[in-house]
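The block underneath contains the structure these notes are about, expressed in structure tokens.
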Amino acid sequence: MIRSIRKSPQLFLWLIALQITCISSAQAKVLFHARFDAATADAEYALGKNDARPAIVNTYKVAGTSDAGHWGRALDVTRSGENCTFDAAKNFNPKRGTVQMWFRIKEDKEGMYHPLFGWYRPPHEPGAKKRQSVMEVYLQNSVITLGQYTPKYKGTSKAAKVEVGRWHHLEINWDCEQGDGQSVYNIFLDGKRVIRIVSGGALEDGTGAKIHLGIWDYALGHFLRGQIDELRITDQVEHSTEFEPPNNPYATPETIEYAKETHRITIGRLKQFNGEIKSLMEFAGSDGDGAAAGVIRASQATGQNVERKLVSLGLSLKADDPDVKALCAAVDDAADQLSTARLPIYRISAEAAAIAAKEDRRSLLFKDIDDELVGDAVILNGRQLFIDDYMIEEISGARRVLDPSLNAVESLLAETKLDRGSVLFDRKEKLFRMWCVVDTADRKQQRLFYATSTNCIDWKKPSNKPPLTLGDHIGFYELAVKGQHWLEHRQAAFENGIVLATDRRDGFVSVNADNEGTMTTRRFIVIGDTLVVNAKAGKGEIRVEAIDALGRVIEGFSKENCEPVTGDNIRHVVSWTGGSNCHPLQARPIKLKFHLKQAQLYSFEFQIRHNHYVPNSYSQK
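Laid out in structure tokens, this is it:
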């Protein structure tokens with residue numbers, strides 16, 4: 000079906016980029032749209048019948064709107080005892096979709112919950128023994144949480160920078176069409192992805208489900224101390240990488256603004272489609288009787304037909320009194336035709352990508368990487384610790400654990416009795432080193448002071464005191480006194496001195512799994528060729544697998560292919576079947592998924608330990 004694809008080392012990257020694009024290639028259908036510009040909270044558009052008006056829940060009043068929205072007015076949910084709840088039937092697709100909105104917090108105190116969006120299907124209470132499909136997003140103490148109360152998953156939280164009084168854009172999208180094992184959830188704050196969950200459990204369709212804004216279904220005492228504006232729900236995943244939030248309000252379906260906006264977007268997608276056709280023709284060909292050639296020609300013809308329709312629709316949009324409803328239906332139809340034409344192109348690309356994956360990738364250098372492929376991936380260089388969650392995308396069955404204690408103390412002057420400090424001569428460096436305790440000007444605090452001198456008269460204080468690297472440990476100098484501090488100067492004799500406190504290298508924070516758990520990194524670009532981990536697995540093990548940009552385990556780098564990491568070592572070398580050389584992972588965006596069993600992971604690093612042959616060109620065969 001596909002001709003040889005050895006013509007360019009960039010093909011593999013292009014194919015993956017094409018597939019990423021095609022994941023969200025379908026024209027999104029708007030299911031629900033509320034601008035909140037009127038005096039009431041009624042929505043401007045709802046696909047569900049008679050569901051544009053908020054429902055009355057229990058005895059709570061329906062929230063109204065207020066001035067000073069992001070654009071025009073906005074939903075006001077600052078008052079307890081008021082709700083904004085809509086029926087979800089036909090207004091929310093549990094299989095696949097996106098929620099977009101703007102929000103502003105007006106008041107925030109320690110411990111306050113700020114519910115933003117919730118989709119609840121009875122029985123919906125998170126504490127219920129039989130948990131059903133629930134999805135909710137809320138903020139508390141600058142942390143955003145995606146709660147998923149499915150039988151398989153409970154949700155995750157990440158730090159999020161939210162400013163009181165400022166409008167922020169929120170996007171929630173999900174894809175559960177392939178069931179629990181392939182379900183994907185994303186949360187973007189101001190266009191930056193803060194949460195991604197893979198295989199978190201699929202949302203299930205059902206009757207009685209409702210959409211909640213600014214309040215919780217099961218705890219109406221918690222409400223958003225702020226406003227919500229421009230709520231829009233569609234049936235497709237709008238974004239898979241970082242994006243710029245819109246600069247204008249969303250267009251409402253069945254309006255002239257919507258027809259013009261859809262027409263503009265479809266023209267842009269058509270240009271992209273024509274570029275995809277041209278690129279695929281260069282590699283697969285469009286002449287002859289091959290299956291691929293036939294698909295390309297058919298898709299190309301559909302694209303040409305869509306282009307003619309768009310030209311005609313453009314003239315109609317400029318008319319003085321156009322039939323708005325008919326125009327909206329016509330541009331939606333053109334967009335759907337274009338999406339249909341792209342699907343077979345995606346299938347061809349998928350087959351070509353499978354072939355490309357088996358090709359020799361030695362000429363795939365960093366110069367071949369483009370921005371579209373990299374997306375939000377970071378360039379990874381050096382050891383990656385877990386002091387924060389910068390490199391962590393998802394943790395399941397494991398947790399980050401702080402190790403605040405120094406586990407070894409060695410006296411440098413065990414026979415010396417010191418009171419306030421000491422001076423030592425370093426024969427190797429020919430330096431006098433002084434440690435002493437100094438009082439602050441108000442004599443309320445004491446601090447350990449360190450300085451150096453070449454003549455024991457003129458002293459210099461270093462700008463900082465980094466820890467010492469001592470083989471497999473790090474060290475800190477301290478002035479230590481044995482005994483009760485308040486008795487120090489009342490005793491005739493007491494033990495003290497300059498001591499060296501040591502701890503495990505990188506041993507500040509670890510990812511721990513008491514039983515079994517996983518930790519998945521964010522996407523990054525590999526520079527080195529050997530994966531080295533600092534880990535302790537005396538009674539258990541650690542296995543690692545590499546995942547490509549499409550969420551697939553890379554051949555040869557699965558958990559099953561990985562040799563288990565056991566024992567306690569700061570320099571474990573991870574090996575898969577065939578050895579420890581990770582050169583096939585270089586110059587491509589990947590994730591690492593660590594499978595931990597009764598183990599502690601302190602850090603990981605890609606080092607360069609191998610020499611690789613890189614040809615000057617890629618010979619065509």
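Counting in numbering that gives the first Met the number 0, the sequence shown tops out at residue 620, every number present.
Glycine is no exception: its CB is placed at the ideal position from the N, C-alpha and C atoms.
Here the structure is a predicted model, which is why all the values come from computation and not from measurement.
Practice item. Determine contact between the stretch 527-539 and the stretch 568-579, defined as no fewer than three beta-carbon pairs at a distance below 8 Å. Key: yes
Review point. What do you get for Cys581, buried or exposed, if any count of 16 or more other CB atoms within 10 angstroms of its CB means buried?
Key: buried
Review point. By the 10 Å Cβ neighbour count, where 16 or more other Cβ atoms means buried, how is Asn247 classified, buried or exposed?
Key: exposed
Exercise for review: Tell whether a beta-carbon distance below 8 Å holds between Ser395 and Thr517.
Suggested key: yes
Point to revise | Within the stretch 582-612, ranges of the beta strand (DSSP E) (whole runs, at least 3 residues) | key: 588-606
Exercise for review: Check Pro248 in the structure and name its three-state DSSP category.
Suggested key: coil
Check your understanding: Going by the beta-carbon positions, is the gap between Ala258 and Leu316 smaller than 8 Å?
Key -> yes
**Study point:** Given 8 Å, three or more beta-carbon pairs between the stretch 221-234 and the stretch 102-114
**Key:** yes
Review point. Would Asn514 be called buried (16 or more neighbouring beta carbons within 10 Å of its own) or exposed?
Key: exposed
Check your understanding: Which one of Lys592, Glu554, Val510 has the shortest CA to CA distance from Arg522?
Key -> Lys592
Exercise for review: List the DSSP bridge partners of Ala54.
Suggested key: Thr84
Point to revise | Secondary structure of Gly566, DSSP reduced to three states | key: strand
Exercise for review: State the DSSP-derived secondary structure class of Cys561, mapped to helix, strand or coil.
Suggested key: strand
Check your understanding: By DSSP, does Asp332 sit in helix, in strand, or in coil?
Key -> helix
Check your understanding: How many Å lie between Gly213 and His113 at the Cα?
Key -> 7 Å
Check your understanding: Closest to Trp575 by CA distance: which of Gln99, Leu595, Ile553 is it?
Key -> Ile553
Check your understanding: Measuring CA to CA, which of Leu337, Arg542, Ile276, Ala512 is closest to Glu306?
Key -> Leu337
Point to revise | Sequence-distant residues of the same chain with beta carbon closer than 6 Å to Ile186, five excluded per side | key: Leu145, Ile171, Val193, Ile194
Review point. Just how far apart, CA to CA, sit Val163 and Leu138?
Key: 12 Å
Review point. Less than 8 Å separating the beta-carbons of Arg120 and Glu176?
Key: no
Review point. Anyone know if the C-beta pair for Ala42 and Phe85 falls short of 8 Å?
Key: yes
Check your understanding: First and last residue of the beta strand (DSSP E) that includes Val161?
Key -> Taken as a continuous stretch (DSSP letters only), Val161 belongs to no beta strand (DSSP E), as it is neither H nor E.
Check your understanding: Hey, Ile546 and Pro563: beta-carbon distance below 8 Å or not?
Key -> no
Review point. Under the rule that 16 or more other beta-carbon atoms within 10 Å means buried, what is Gly154, buried or exposed?
Key: buried
Point to revise | Element boundaries [beta strand (DSSP E), containing Met134] | key: 133-139
**Study point:** Which residues DSSP lists as bridging Gly225, in chain order
**Key:** Ile104
Point to revise | Straight-line Cα distance separating Ile264 from Ile276 | key: 18 Å
Review point. Comparing alpha-carbon positions, which option in Ala586, Lys538, Arg587 lies nearest Thr565?
Key: Lys538
Exercise for review: Taking the CB atoms as reference points, tell me whether Ala536 and Gln597 lie closer together than 8 Å.
Suggested key: yes
Check your understanding: Where DSSP assigns a beta bridge to Val543, which residues make up the other side?
Key -> Phe593
Check your understanding: Does the Cβ-Cβ distance between Gly190 and Phe242 come in under 8 Å?
Key -> yes
Review point. Taking the C-alpha atoms as reference points, what is the distance between Ser182 and Leu202?
Key: 9 Å
Exercise for review: Assign Lys89 to buried or exposed, taking buried as 16 or more other Cβ atoms, counted over all protein chains shown, within 10 Å of its Cβ.
Suggested key: exposed
Review point. What residue from Leu379, Arg504, Ile456, Gly178 has the CA that sits closest to Ile589's CA?
Key: Leu379
Review point. Over what stretch of residues does the beta strand (DSSP E) that includes Glu243 continue unbroken?
Key: Segment: none, Glu243 is in no beta strand (DSSP E) and carries neither H nor E.
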